Amino acid sequence: MMCMKIGVVADKPTPPWSVRQIILALEELGANAFYIRPSNMASIIGGHHSSIIFTNTLKPAEFDAVVLRDLGVATTVEMFLRRVDLFRHMELEGIPVVNPIESFITARDKYMSLCLISKAGIPVPKTVVLEDFYAATKIAETYSKAVIKPLIGSLGLGVLKVENPDLAYTISKTLTQIKQPIYIQEYIEKPNRDIRVLVIGDEIAVAYYRVQTAPGNWKTNIFQGAIAQPIEKLSRELEEYSFKILDVLKLYYAGIDFGETRDGYIVFEVNAAPQWRGIQKITGINPAKTLAKFVVQLVKR
4 MMCMKIGVVA
14 DKPTPPWSVR
24 QIILALEELG
34 ANAFYIRPSN
44 MASIIGGHHS
54 SIIFTNTLKP
64 AEFDAVVLRD
74 LGVATTVEMF
84 LRRVDLFRHM
94 ELEGIPVVNP
104 IESFITARDK
114 YMSLCLISKA
124 GIPVPKTVVL
134 EDFYAATKIA
144 ETYSKAVIKP
154 LIGSLGLGVL
164 KVENPDLAYT
174 ISKTLTQIKQ
184 PIYIQEYIEK
194 PNRDIRVLVI
204 GDEIAVAYYR
214 VQTAPGNWKT
224 NIFQGAIAQP
234 IEKLSRELEE
244 YSFKILDVLK
254 LYYAGIDFGE
264 TRDGYIVFEV
274 NAAPQWRGIQ
284 KITGINPAKT
294 LAKFVVQLVK
304 R
């Protein structure tokens, strides 16, 4: 049997930590794994032939599968579509993309992902997405506390808690001035922690609390200083929610963030390319190995 060729995708000059972990895990399983960047690839269409090539060698980019971790920074709609279409093209050529490109984009879009999750009957925070900063200010006034987030983003960057309508007005107006939508949520009180569940296929790879111990810091992202604490036994309800979300968003794997409220669990957001460095450092559990096994089995199907 020929060695599998599996590309792991991001668009940094050097492979990020999670990409290196996935490559090592794939190589342990005997695959030929390598780092690829969307900016270094080209699509050829026409002449009774369709293919994808590397721009540095002009040779065909031949993969049995790719693991999509990051599309990179696209500063225009055209560049974003070019990169999305690159992976659509791969899928048309029969190359499995993990996660599938349409699902990857849906998960990155907090608006649509939360809409689909809510439609599936899973609790989410009260959320309004709009472009009118006057209306956004009025909505913020109806919440005792609100959170304004980027529509697309991660690591807790750009997320602001608002307890003052004047501040909501200033933030919302600034967003409209730079041609960005306003994504505003009711702030959910939580016990200085949230729950991250990393689910891969039909397996919970790891679940853990993200505990914020820094005084005055309400964000529970590991990147923002929170500490990972493993959960030995995940509740049946959270397991069911996790697998249901994976199914609803048509993802192969995801990191799902849950909050604990007086009325039960609530979903904050879903990450189609989750990080796990914090929990791996604490427990030694390496989800990259579970992901690598899943990808290899997917290719063998």
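For the sequence shown, the working numbering puts the final residue at 304, and the numbers step up evenly by one.
Just so you know, even glycine gets a beta-carbon here, dropped at the ideal spot from N, CA and C.
Remember, predicted model here, so these are calculated numbers, not experimental data.
Is residue i close to chain B? Criterion is C-beta to C-beta, closer than 9 Å.
i: I108; result: Reference to chain B is not applicable here, since this structure consists of a single protein chain.
Could you check whether residue j and residue i sit closer than 9 Å to each other, using their CB atoms as the reference points?
i: A229; j: G281; result: yes
i: P168; j: E189; result: no
i: Y244; j: F261; result: yes
i: V70; j: V11; result: yes
i: D135; j: I185; result: yes
i: I2; j: V131; result: No information on residue 2 is available, as it lies outside the stretch 4 to 304 that the chain covers here.
i: S42; j: G75; result: yes
i: E105; j: K292; result: no
i: V200; j: L241; result: yes
i: L163; j: K152; result: yes
i: I203; j: Y146; result: no
i: A257; j: I248; result: yes
i: F90; j: F107; result: yes
i: A13; j: V299; result: no
i: E94; j: D197; result: no
i: I26; j: P128; result: no
i: K176; j: V165; result: no
Output needed for residue i: all residues of its chain with C-beta closer than 6 Å, excluding positions within five of it in sequence on either side, in chain order.
i: L29; result: I9, A36 and A295
i: Q215; result: N195, T223 and A229
i: A208; result: L201, P290 and T293
i: D205; result: none
i: F297; result: I203 and G204
i: M4; result: Unreliable positioning characterises M4 in this predicted model, as indicated by a pLDDT of 45, which lies under 50. A coordinate reading is not provided.
What are the residues that DSSP puts in a beta bridge with residue i?
i: K101; result: First, the residue type needs correcting, since residue 101 is Val and not Lys in the sequence shown. In the DSSP output, where bridge partners are listed per residue, V101 has V70.
i: I163; result: Contrary to the premise, residue 163 reads as Leu rather than Ile in this sequence. DSSP output for L163 lists I151 as bridge partner(s).
i: P63; result: I56
In its own chain, which residues sit with a C-beta less than 7 Å from the C-beta of residue i, not counting the 5 before and 5 after it?
i: E65; result: K8
i: Y306; result: Outside the displayed range of the chain (4 to 304) lies residue 306, so it cannot be described from this structure.
i: S54; result: I47 and P63
i: G267; result: P126
i: T58; result: N43, M44 and A45
i: H92; result: S46 and I55
i: A77; result: F83 and R86
i: P277; result: L201, A257 and G258
i: Y38; result: V11, P18, V22 and I26
Give every residue of the same chain whose Cβ lies closer than 8 Å to the Cβ of residue i, excluding the five residues on either side of it in the sequence, and list them in chain order.
i: T17; result: none
i: L154; result: D112, K113, Y114, V132, Q183, P184 and Y186
i: G287; result: none
i: K284; result: A231
i: E31; result: K292 and A295
i: V87; result: L74, I104 and I108
i: N274; result: A110, S157, A257, G258, I259 and D260
i: P19; result: A13, R72 and D73
i: K193; result: T223, G262, E263 and T264
For this session: Only counting runs of 3 or more residues, tell me where the beta strand (DSSP E) segments fall wholly within the segment 237-281, in order along the chain.
Result: 256-264 and 267-274
For this session: Please determine if the segment 100-112 and the segment 68-87 are in contact, where contact requires at least 3 C-beta pairs separated by less than 8 Å.
Result: yes
Exercise. Counting only runs that start and end within the segment 167-244, where is the beta strand (DSSP E) found for 3 or more residues in a row?
Worked result: 185-189, 196-203, 206-214 and 230-233
For this session: Evaluate contact between the segment 103-112 and the segment 122-130, counting only Cβ atoms and requiring at least three cross-stretch pairs below 8 Å.
Result: no
Exercise. Which runs of the alpha helix (DSSP H) fall wholly inside the segment 5-51 and span at least 4 residues, in chain order?
Worked result: You should have 20-31.
Exercise. If you scan the segment 72-149 from start to end, which runs of the beta strand (DSSP E) of 3 or more residues do you find wholly inside it?
Worked result: 130-133
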